[in-house]
Every structure is written in C-alpha cells, then in structure tokens.
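In this note's numbering, the protein residues as written are 1 to 70. Every residue gets a Cβ at the ideal spot worked out from N, C-alpha and C, and that includes glycine. These notes concern the structure reproduced below.
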Amino acid sequence: EPQTQKSLPVLCGQVHLYRLKDTAKLRRFLSERSKILPRRTTGTCAMHQRELTEAIKRARQIALLPYVTD
1 EPQTQKSLPV LCGQVHLYRL KDTAKLRRFL SERSKILPRR TTGTCAMHQR ELTEAIKRAR
61 QIALLPYVTD
C-alpha cells in the first residue's frame, strides 16, 4: 500500500525553530518506534527536515526523547 502524507502544519515560508524542550511538537515527527519520519511523510522541505532531525537528535542526547520505543 502506498504511504500517505501526514497533514502536519509545516509551511516553508515561515521561520521554524524547533526547540529541544518542546517534545510534544518533536514527537509528531517520530514514528511509533521513535524513528524520524522521512520528508515524503512529514511534508517538510529539505532545510526544515535537516533542522528537525538535528533537534530530535539533540533532544535524544539530553534524554528528552527516547532512542527506541518497544
């Protein structure tokens, strides 16, 4: 079955600063197993996907987000 795009409110014309402590917002970009969702699923542009990935990885390092979920 083909993957469907999530309807996430990410607009490339706006400034997005993904804050590490805003884990609720960051969790929307993770799968149920805590993997980072790809661009084709989230609908973000390349620049925002890089920012998002970096923010998620930093949040994982300081133990705000899990690396894996069972």
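Endpoints, alpha helix (DSSP H) assigned at residue 53: 46-61
Does the Cβ-Cβ distance between residue 26 and residue 56 come in under 8 Å? yes
Which of helix, strand or coil DSSP assigns to residue 26: helix
Flag this pair as yes or no: are the beta carbons of residue 21 and residue 64 separated by less than 8 Å? yes
Rounding to the nearest angstrom, what Cα-Cα distance links residue 70 and residue 33 in this structure? 7 Å
How about residue 60 and residue 49: do their beta carbons lie closer than 8 Å? no
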